[in-house]
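> Protein chains in written order, with my numbering: chain A, 1 to 625; chain B, 1001 to 1497.
For each residue, glycine too, the CB sits at the ideal point set by N, CA and C.
What you are looking at is a predicted structure, and each value in this text was computed from that prediction instead of being measured.
My structure is below; once you've seen it, I'll send some questions.
Spelled out as structure tokens, the structure:
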């Protein structure tokens, strides 16, 4: 122990003071820098051989952060950005169809249409009233068209955003991968990696908002990234996400697990080894902005579109369909039979046969649907909204005899004999051994403006070309995207007297309200089963009501969904903000603390310097003695 | 590579401030719009209720619109039918059987006033509400009746009422102008017989006689005949009555009195022998038949012609006399092709009320159609028209009798039989009942719509006081927050070093 060792210790102290000052200065300077965590430095004391302190050495700089909170925060942030995006889109859907006072909203234009039809029943002869009906019908069609455009526009946006987001995810994973390498290198050279870790956390925070990830720490300082589903995004080398976005998205364009059938882009994960995984088919993305975009594009907005299509479809069919009851086929007792002429059966039209099953005593319903394309067969029971019927698709492209044979095959178990004389089909039971026929009816779509059914009118057609809407399944289901194509029958536009005139044989009087009443009733009085695939009602208990009821139900449902998302989002925001506060508290720079430390350091520095001065004086005394 | 600002320092404080600010903006919007939300999603649990209430408001609104149309039309019907009934009673007063005053043009005063009534009646029947004719059944875009001149005179290819009447008058009068009868004398027996089996002229219904030594034998036919056989001489003052049915369903009587003197009006001289008496009787009978044929039969004939012309209900064809020649005609024919159709409205439904119907409430349909050719109205038009078309210009004694007979006939359907209501009044009463039902439904709709709207307003609307209180409270909270935040940021040790 000597003067020189005291000098040495003081020197070490000064050096350590300087490091501390550096760090405090850095903390103060970066206090408001985003993602900056408070740094602190520890010192080790070096002891001499007989226990005396010979110096202090600064150690590793450490970051102050609560890693548990950080993990929770990231999961919560993913959910928050998921809900944020869902909420912003659902609010737009709500604005689109659930505006309270918008005179152009779907429920308002429909109400106008109904009210104008009602006026037509009282003044069928009035040209102005007829014109008004046409205009309000046009408004309904236009509103359905523009709602479809808006919904598909939103889907197009999501498609584009998925592309952008995937690109950003790739950039972030790449950046994290780069920093990983840097950290590993620095760490092996025992250098401080705190700032690099700060930088990496910023990337990871952003990434966790885009896609739901789990982060695992490696002992060497690197991190590995996985999706919450367990797919590896970054191991030693980064994986890459690819997205084959489509330039135009329409209602008909829907995602399919089969790449050949899919008409929207899908997200593929390409591992460093080159294998590929379909992230959408394998449910690889569950949350985050990307998850929200995919859900919006493939579920939420598709459901909205399905409901619009359902409204358009049922409204068209309600106006254009007419029912024909079967007539007695004159079978020999005890057999009973019913005849039905199917000459006017359009593709997509239905024939319903009911019979009592002798075994169970229960009423059975069989529905035959005309298809002209054998590749569509067989149809499932969900081809009709009715939960209690058995559905058979019958291919009519081979003529009536072939159709009769197909029906015979379908009904063989029930003991029916089906025969045809031209277009007239006979369904004869087996006299109660297996079955007793109780009813037969066909629902046909009127093709012309007059003389079909009493008042069926194909008011709306599929597209401006005037293609008949029958809900046919050829090629594609005609219902899909129909709301975007629905337009007023051009023939009706050319001759609006057909709003009233339904019979040209004995010409309907201009004041005859029959057709107007039938149209009004088919929209406001007649109840239908609605397809549960559109998200309202269930397979076993489909929504049953009028077209107007369904529209209200749809508005109410979409508004409820929007409102639920909004409150979920608000809740999530509170949770995320709380976590963020805790995270911030654990890592934030407290200015007062730093300033207080500054005073402390100043004192320490002065003291160390004082020690050195004293040692120098002592040396002087020693030398000059 | 830019790093997005993932989190701000002290962001929760900023979040809270922005949150307050947006709540404040929303409250302002609520005050400005008086609605608590712009979309259904903001209505909370009342969303479905609100939608179904509004759907019902729309339905009721549509019914109210319908009711306002129907109400207007029923008002007009009520007024026009009421006026038609007034015309009916005015005409009855005007057509006075005893008031035969001719004007320069040959028509009588009463005919002129009947003509005015007819024109007014036709124009009432053609009345419309906003282009909708009320008396055309379902053919509301067509004026139901053609104009008076066409009805009376017809055109090049269509016969009018005058022509049709003329044909009937000829057919009923016959060649001998005695109502298509033959009157033969064989020895002491006079036989009065119809000249064939047809619907024209007099129909011999029978005879009652208190003539001594006279036997009457009725042969029912057709053709019917009556033989009056003078087996001996009757006493003077004894009478015989011969009953003759006329084409309009009325009956006339010829009464002849046996007399010792010649030349007695409505009498015959008892001759030297029963055969002479029979011959005198035949002459007197011929004379009486001629008189009846030119007066009462002519009136009955005109009346029947008018009935045939106007009875076109539900497409019933106009029955025209099959001719020429008309005075020997034995049948009628379908005249729809060459006769003026006075009513050109709807003919399809049996019930004229079914021509217009309106749904004024759930499952409540009112029928308020009317047709110009439904019975109550047609009878009035037809009676007046028959009177107008008659020609009294001869100013003979027969014309006087014809006038009286015609006036009687025209008056009777116009008459309000004691204790009974006229056909027109029945229509008016039916319409009034319907109108009352419509007005009651309308009252109910108004009440319903108001209460529905109140509920909707309660759901969608705001309580201005509450919002104002909230705004005040929020404002003071924001004030405080801003101040505290500002103080917080100023507090730093740096200021005190």
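1. What residues in the region 1045–1067 of chain B have a beta carbon less than 8 angstroms from any beta carbon of chain A?
2. What beta strand (DSSP E) runs, 3 residues minimum, are completely inside the region 1293–1349 of chain B?
3. Pull up the distance between the alpha-carbon of residue 1005 (chain B) and that of residue 1050 (chain B), whole angstroms please.
4. Report the neighbours of residue 95 (chain A) on chain B: residues whose CB is nearer than 7 angstroms to its CB, in chain order.
5. Can you tell me which of the three DSSP states residue 1276 (chain B) falls into?
6. Taking C-beta pairs closer than 9 angstroms, name the residues in chain B that residue 555 (chain A) reaches, listed in chain order.
7. Any beta carbon of chain B sitting closer than 9 angstroms to that of residue 577 (chain A)?
8. Within 10 angstroms of its Cβ, does residue 1484 (chain B) collect 16 or more other Cβ (buried), or is it exposed?
9. Note down the Cα distance separating residue 1099 (chain B) from residue 1110 (chain B), rounded to an integer number of angstroms.
10. For residue 1049 (chain B), report the span of its alpha helix (DSSP H) as first-last.
11. Does the contact criterion of 3 or more C-beta pairs under 8 angstroms hold for the region 176–196 of chain A versus the region 133–153 of chain A?
12. Can you name the residues of chain A whose CB is closer than 9 angstroms to the CB of residue 1035 (chain B)?
13. If we define contact as Cβ-Cβ less than 9 angstroms, is residue 453 (chain A) a contact residue for chain B?
14. Given this structure, state the Cα-to-Cα distance separating residue 1451 (chain B) from residue 546 (chain A), to the nearest angstrom.
15. Where DSSP assigns a beta bridge to residue 1217 (chain B), which residues make up the other side?
16. Over the uninterrupted alpha helix (DSSP H) stretch that includes residue 5 (chain A), give me the two end residues.
17. Consider the Cβ of residue 1004 (chain B): report whether some Cβ of chain A lies at a distance smaller than 9 angstroms.
18. Decide yes or no for the touch test of the region 593–604 of chain A against the region 1069–1078 of chain B: beta carbon pairs closer than 8 angstroms, at least 3 of them.
19. Using 10 angstroms around the beta-carbon of residue 1001 (chain B), count the other beta-carbons present and answer buried if the total reaches 16, otherwise exposed.
20. May I have the straight-line CA-CA distance separating residue 628 (chain A) from residue 456 (chain A), to the nearest angstrom?
21. Identify the contact partners of residue 1461 (chain B) in chain A, using a Cβ-Cβ distance below 9 angstroms as the criterion.
22. Are three or more beta carbon pairs between the region 488–507 of chain A and the region 351–368 of chain A nearer than 8 angstroms?
23. For the region 290–301 of chain A against the region 444–451 of chain A, are there 3 or more C-beta pairs whose distance is under 8 angstroms?
24. Let me know the secondary structure DSSP gives residue 1004 (chain B) once reduced to three states.
25. So, under 8 angstroms CB-CB, residue 1353 (chain B) and residue 1367 (chain B) are touching, yes? Tell me the CB distance rounded to an integer number of Å.
26. Counting only beta-carbon atoms, is residue 490 (chain A) nearer than 9 angstroms to chain B?
27. With a CB to CB cut of under 6 angstroms and the five nearest residues on each side skipped, what residues in its chain are close to residue 408 (chain A)?
28. Nearest chain A C-beta to residue 1457 (chain B) closer than 9 angstroms, yes or no?
29. Given a limit of 9 angstroms on CB to CB distance, which residues of the region 1122–1146 of chain B reach chain A?
30. Report yes or no: do the region 1340–1354 of chain B and the region 1129–1145 of chain B share at least 3 C-beta pairs separated by less than 8 angstroms?
31. Mind pulling the beta strand (DSSP E) runs of 3 or more residues that sit fully within the region 45–70 of chain A?
32. So if I threshold CB-CB distances at 9 angstroms, which residues from the region 484–511 of chain A count as touching chain B?
33. Report the three-state DSSP secondary structure of residue 1132 (chain B) (helix, strand or coil).
34. Relative to chain B, which residues along the region 113–146 of chain A have a C-beta separation below 7 angstroms, given in chain order?
35. Under 6 angstroms Cβ to Cβ from residue 478 (chain A), same chain only, skipping five residues before and after it: list those, please.
36. Express the C-alpha separation of residue 236 (chain A) and residue 258 (chain A) in angstroms, rounding to a whole number.
According to the structure data:
1. 1047, 1048, 1051, 1052, 1054, 1055, 1058, 1059, 1061, 1062, 1063, 1065, 1066
2. 1319–1321, 1332–1334
3. Because residue 1005 (chain B) carries a pLDDT of 41, less than 50, the predicted location of this residue cannot be relied on, and no value is offered for it.
4. 1039
5. helix
6. 1040, 1047, 1051
7. yes
8. exposed
9. 8 angstroms
10. 1047–1094
11. no
12. 100, 101
13. no
14. 24 angstroms
15. B:1227
16. 3–29
17. With a pLDDT of 39 at residue 1004 (chain B), under the threshold of 50, the predicted position of this residue should be treated as unreliable, though the coordinate-derived value follows. Answer yes: the Cβ-Cβ gap between residue 1004 (chain B) and chain A drops below 9 angstroms somewhere.
18. no
19. At residue 1001 (chain B) the pLDDT is 34, less than 50, meaning the model places this residue with poor confidence; the figure from the coordinates comes in the next sentence. By the 10 Å Cβ count, residue 1001 (chain B) comes out exposed.
20. There is no way to answer for residue 628 (chain A), as the model of chain A reaches only from 1 to 625.
21. In chain order: nothing, as chain A lies at least about 11 angstroms away.
22. no
23. no
24. Only weak support exists for where residue 1004 (chain B) lies, its pLDDT of 39 falling under 50; the coordinates are left without a value.
25. 4 angstroms
26. no
27. 418
28. no
29. 1130, 1131, 1132, 1133, 1136, 1137, 1138, 1139, 1140, 1141, 1142
30. yes
31. 53–63
32. 506, 508, 509, 510, 511
33. strand
34. 114, 115, 118, 119, 121, 122, 123, 125, 126
35. 471, 472
36. 31 angstroms
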